[in-house]
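Here the sequence shown stands for residues 31 to 279, where the numbers follow the working numbering.
Backbone N, C-alpha and C fix where the C-beta goes; we use that ideal spot for every residue, glycine too.
Since the structure comes first, as structure tokens, the remarks are kept for the end.
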Amino acid sequence: MSLVTIWISSTDSYSERRWTPHLTIAELRAKLQPITGISAGSQRLALSINPGGTTDRSILLDNDELTLLDYGVQEGATIDVVDTDPHSAALAGQYNDVSQVEKFELPIQEYEKRSDSLLAFKIRNKLGRFNDDQNKQSEEECIPDQEELQAKYPLGSRCQITPTLSHQMKVHYGDIESLLFNQKHPYWIGVELDEPRGKNNGSVDGHPYFECPPNRGIFIQPDRVTLGDYPPLDFLTGINDDDDDDDEI
């Protein structure tokens, strides 16, 4: 006996089945109940021939004694199953609304006290952020060597300072005057700008690193400094950009 491929569509499911076309509608309802969760007596069935095509037509399957073949079922047809029970759990969303599901919730403070958690396992085995040696090594790899930085950014070099994404100001040009190495501000490059758009006069926290006119000095992180043969700019105004950027001092 040949079988036909039929697609079953309902509110909570969509699946493919291969059944005999001689299946009666009553037998079909019994098969659909465990698939859709809709009781046989509450099913409204509609057969779609050539769904989505130019000759799409829908037929109501309302005679339980007739077969699928009697209704003209074809390969690839779709049967839409609608729940007519107004008190149905499916219609109420109880099958797919996860907000109605009671969940186990554990406060973070209680979770941190547990000894059988993933967090406790990582702490015991010094994994990830709890591996001090690995974290220290990673930090050291990210910090450039002082001699390497001095060789890469020679004093007196012309440079441009690129703006950050959060501060789309104009590109600044100037001369590298100092390299700042201390605990509070490690690895900063001191630049005397061509224009008075800086932050200082070459001093930071009262300590002079180089001398320049007011608002012509700036200390910047190396990733924003590009060396090049940039001609000096003649400034005409004393306007100061008030940009409080975290990677500028």
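*Can you tell me whether Phe134 is buried or exposed, with buried defined as 16 or more other CB within 10 angstroms of its CB?*
Numbered from 1 along the sequence shown, position 104 holds the residue referred to as residue 134. Around the beta-carbon of Phe134, fewer than 16 other beta-carbon atoms lie within 10 Å, marking it exposed.
*Determine the burial state of Lys229: buried for a count of at least 16 other Cβ atoms within 10 Å of its Cβ, exposed for fewer.*
Against the sequence shown, residue 229 aligns to sequence position 199. Answer is buried; the Cβ neighbour count reaches 16.
*For the beta strand (DSSP E) that Glu222 lies in, which residues bound it at each end?*
Sequence index remark: in the sequence shown, residue 222 carries index 192 (1-based). Glu222 -> beta strand (DSSP E) spans Trp218 to Leu223.
*Are the region 135 to 146 and the region 96 to 116 touching, with three or more C-beta to C-beta distances below 8 Å?*
Contact between the region 135 to 146 and the region 96 to 116 is absent: fewer than 3 CB-CB pairs across the two stretches fall below 8 Å.
*Confirm, please, whether the CB-CB distance from Ser45 to Ile65 is below 8 Å.*
The count along the sequence shown starts at 1 and reaches residue 65 at position 35. The count along the sequence shown starts at 1 and reaches residue 45 at position 15. It is a contact, given that the beta carbons lie within the stated cut-off.
_Boundaries (first-last residue) of the beta strand (DSSP E) holding Gln190_ = Within the sequence shown, numbered from 1, the residue matching residue 190 stands at position 160. In the DSSP annotation of this structure, the continuous segment of the beta strand (DSSP E) that includes Gln190 starts and ends at Arg188 to Ile191.
*Where do the ends of the alpha helix (DSSP H) carrying Leu62 lie?*
The residue you call residue 62 lines up with position 32 of the sequence shown. Residues Ile55 to Thr66.
*Whether Pro290 touches Leu91 by CB criterion (8 Å)*: Nothing can be reported for residue 290: it is not among the residues displayed for the chain, which extend from 31 to 279.
*Please name the residue, chosen from Tyr239, His237 and Ser72, that lies closest to Pro116 on a Cα-to-Cα basis.*
Within the sequence shown, residue 116 is the residue found at index 86, counting from 1. Ranking Tyr239, His237 and Ser72 by CA distance to the CA of Pro116 puts Ser72 first.
*asked:* By alpha-carbon positions, which one of Gly220, Glu177 and Gly158 ends up nearest to Pro238?
replied: Indexing the sequence shown from 1 puts residue 238 at position 208. Ranking Gly220, Glu177 and Gly158 by Cα distance to Pro238 puts Gly220 first.
*Mapping DSSP to helix, strand and coil, what is Gln104?*
Position 74 of the sequence shown, counted from the start, is the residue given in the question as residue 104. In the three-state reduction of the DSSP assignment, Gln104 falls in the coil class, being assigned neither a helical nor a strand state.
*For Asp283, which three-state DSSP category applies?*
This structure cannot settle anything about residue 283, because the visible part of the chain is limited to 31 through 279.
_Among the candidates Leu77, Thr41 and Asp42, whose CA atom is the shortest distance from the CA of Thr35?_
Walking along the sequence shown from the start, residue 35 turns up at place 5. If you compare the alpha carbons of Leu77, Thr41 and Asp42 with that of Thr35, the shortest gap goes to Leu77.
*Whole-number beta carbon distance between Glu225 and Cys242, since they are thought to touch under 8 Å*: Taking the first residue of the sequence shown as position 1, residue 242 is located at position 212. Taking the first residue of the sequence shown as position 1, residue 225 is located at position 195. Wrong, their Cβ atoms sit about 12 Å apart, outside the cutoff.
*Starting from Glu46, trace the beta strand (DSSP E) both ways and give me its first and last residue.*
Here residue 46 refers to the residue found at position 16 when the sequence shown is read from its first residue. Segment Tyr44 to Trp49, the beta strand (DSSP E) holding Glu46.
*List in chain order: all unbroken alpha helix (DSSP H) runs of 4+ residues lying wholly within the region 133 to 157.*
The alpha helix (DSSP H) runs of length 4 or more contained entirely in the region 133 to 157 are, from start to end of the chain, 138 to 143 and 148 to 154.
*What first and last residue would you give for the beta strand (DSSP E) that runs through Ala76?*
Taking the first residue of the sequence shown as position 1, residue 76 is located at position 46. It spans Gln73 to Ile79 - the beta strand (DSSP E) in which Ala76 sits, taken as one unbroken run.
*asked:* Does the beta-carbon of Ala70, which I'm using as the reference point, lie nearer than 7 Å to any heavy atom of the ligand PLP?
replied: The ligand PLP is not among the ligands present in this structure, which contains no ligands whatsoever.
*Name the two residues that bound the continuous alpha helix (DSSP H) containing Leu263.*
For the purposes of this step, residue 263 is taken as the residue at position 233 of the sequence shown. Careful: Leu263 lies outside any alpha helix (DSSP H) and carries neither H nor E.
*Work out the CA separation of Gly186 and Gly258 for me, nearest whole Å.*
Here residue 258 refers to the residue found at position 228 when the sequence shown is read from its first residue. Here residue 186 refers to the residue found at position 156 when the sequence shown is read from its first residue. If you draw a straight line from the Cα of Gly258 to the Cα of Gly186, it is about 12 Å long.
*Which value, in whole angstroms, describes the spacing of the CA atoms of Glu105 and Trp49?*
Numbered from its first residue, the sequence shown carries residue 105 at position 75. Numbered from its first residue, the sequence shown carries residue 49 at position 19. Distance between the alpha carbons of Glu105 and Trp49: 10 Å.
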